[in-house]
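Undergrad:
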Amino acid sequence: MNQKQEHLDVCRKFPVHCTNKCGLEDIPRAKLEVHVRDECPATEVQCEYKNLGCEAVFPRSNAKSHSESQVKIHLNLALRGLETTQHQVRALVSLVEDQSQEMGRLMSKVKEQSEQIERMNYAPFVWKIPNFQAVYDKAVAGEEEVILSEPFYLSKNGYKLRIKMMPNGGSTLNPAAHQIYKGNCLSFYIKVVPGEYDSVLQWPFTEKLMFLKYVNTKRALYRGGTTRGTDTAPEEYTGYPRGGSAAWMVRFLSSVG
Numbered sequence: 001m002n003q004k005q006e007h008l009d010v011c012r013k014f015p016v017h018c019t020n021k022c023g024l025e026d027i028p029r030a031k032l033e034v035h036v037r038d039e040c041p042a043t044e045v046q047c048e049y050k051n052l053g054c055e056a057v058f059p060r061s062n063a064k065s066h067s068e069s070q071v072k073i074h075l076n077l078a079l080r081g082l083e084t085t086q087h088q089v090r091a092l093v094s095l096v097e098d099q100s101q102e103m104g105r106l107m108s109k110v111k112e113q114s115e116q117i118e119r120m121n122y123a124p125f126v127w128k129i130p131n132f133q134a135v136y137d138k139a140v141a142g143e144e145e146v147i148l149s150e151p152f153y154l155s156k157n158g159y160k161l162r163i164k165m166m167p168n169g170g171s172t173l174n175p176a177a178h179q180i181y182k183g184n185c186l187s188f189y190i191k192v193v194p195g196e197y198d199s200v201l202q203w204p205f206t207e208k209l210m211f212l213k214y215v216n217t218k219r220a221l222y223r224g225g226t227t228r229g230t231d232t233a234p235e236e237y238t239g240y241p242r243g244g245s246a247a248w249m250v251r252f253l254s255s256v257g
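If you read the sequence shown in the UniProt record's numbering, its first letter stands for residue 1, the second for the next number, and so on.
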């Protein structure tokens with residue numbers, strides 16, 4: 001007898017009454033949970049307009065009467081929700097427009113900077129030396145006898161060069177020339193340095209070079225080619241540059257004054 005009762009207490013097919021006391025009987029125990037959750041008229045449910053702000057809770061059997069009696073309230077909630085949605089849409093549209101304008105501004109800036117870099121890399125190289133008098137004074141005092149430019153490309157996909165200047169004149173490779181030029185001129189040297197396109201360029205280097213010096217409103221023009229400089233042998237400065245070993249080649253000289 002006890003075993004039978006124990007079985008009936010757990011049997012999933014055994015008929016039971018609704019725990020919400022809705023009056024329905026003979027519900028298989030296995031289906032009781034589904035009945036209470038999805039079907040029972042006595043189960044408390046939330047209004048279908050909960051997401052719009054209606055917080056009413058009532059037995060499932062009253063759902064229809066609640067909807068019918070609260071039409072005006074639900075309509076107002078729906079209109080309010082629509083207004084909120086429209087406001088959010090307008091805000092998003094405004095944000096997208098602002099971001100689109102910002103993107104356009106950034107793209108213009110990138111294009112401008114790209115063109116500027118293009119000009120810097122491939123147009124005639126301009127080396128501006130601010131406060132040259134102070135630079136010259138340091139060179140005369142022996143504090144900084146040599147200054148170097150940033151590397152630059154002679155042309156698009158071309159040779160990469162760098163300029164060395166000795167404001168008080170001189171030579172870092174030839175002691176005799178150093179004594180001759182020191183204190184008497186400005187010494188400029190140009191060097192072929194390892195570049196990105198060296199493997200597809202013709203060697204030795206045979207390009208013609210032109211150097212212009214501007215001092216305030218005065219202009220001095222100096223021209224130099226690829227003839228042998230006094231400090232190096234031709235192969236040292238016109239051959240394929242390897243690592244940092246490329247020699248300084250053409251020298252341009254001008255008077256200090």
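Just so you know, even glycine gets a beta-carbon here, dropped at the ideal spot from N, CA and C.
None of the values given here were measured: they were computed from a predicted structure.
Could you tell me the alpha carbon to alpha carbon distance between D98 and M107, rounded to whole angstroms?
TA: Annotation: D98 to M107 spans about 14 Å, alpha carbon to alpha carbon.
Undergrad: Provide the residue span of the beta strand (DSSP E) that contains I163, from first to last.
TA: K160 to M166
Undergrad: What residues in its chain sit with their C-beta under 6 Å from that of H138, if we drop five residues either side in the sequence?
TA: Residue identity differs from the one stated: residue 138 is Lys in this sequence, not His. Excluding positions up to five away in sequence, the list reads E144.
Undergrad: In angstroms, rounded to a whole number, what distance separates the CA positions of C11 and N20?
TA: 20 Å
Undergrad: With DSSP collapsed to three states, give me the class of I190.
TA: strand
Undergrad: Could you tell me whether the segment 20 to 36 touches the segment 46 to 58, using the rule of 3 or more Cβ pairs below 8 Å?
TA: Contact fails: fewer than three Cβ-Cβ distances are below 8 Å.
Undergrad: Going by the CB atoms, is the gap between E207 and L154 shorter than 8 Å?
TA: yes
Undergrad: If you follow the beta strand (DSSP E) that F132 is in, where does it begin and where does it stop?
TA: DSSP places F132 in no beta strand (DSSP E) but in the uninterrupted alpha helix (DSSP H) bounded by F132 to V140.
Undergrad: How would you label F205, buried or exposed, when you count the other beta carbons within 10 angstroms and need 16 or more for buried?
TA: buried
Undergrad: Can you give me the C-alpha to C-alpha distance between A30 and L82, rounded to a whole angstrom?
TA: 43 Å
Undergrad: Measure the CB-CB distance between K160 and P151 and report whether it falls below 8 Å.
TA: yes
Undergrad: For a quick check, are the C-beta atoms of C22 and C40 less than 8 Å apart?
TA: Closer than 8 Å, so yes.
Undergrad: When the Cα atoms are used, what is the spatial distance from G169 to Y181?
TA: 5 Å
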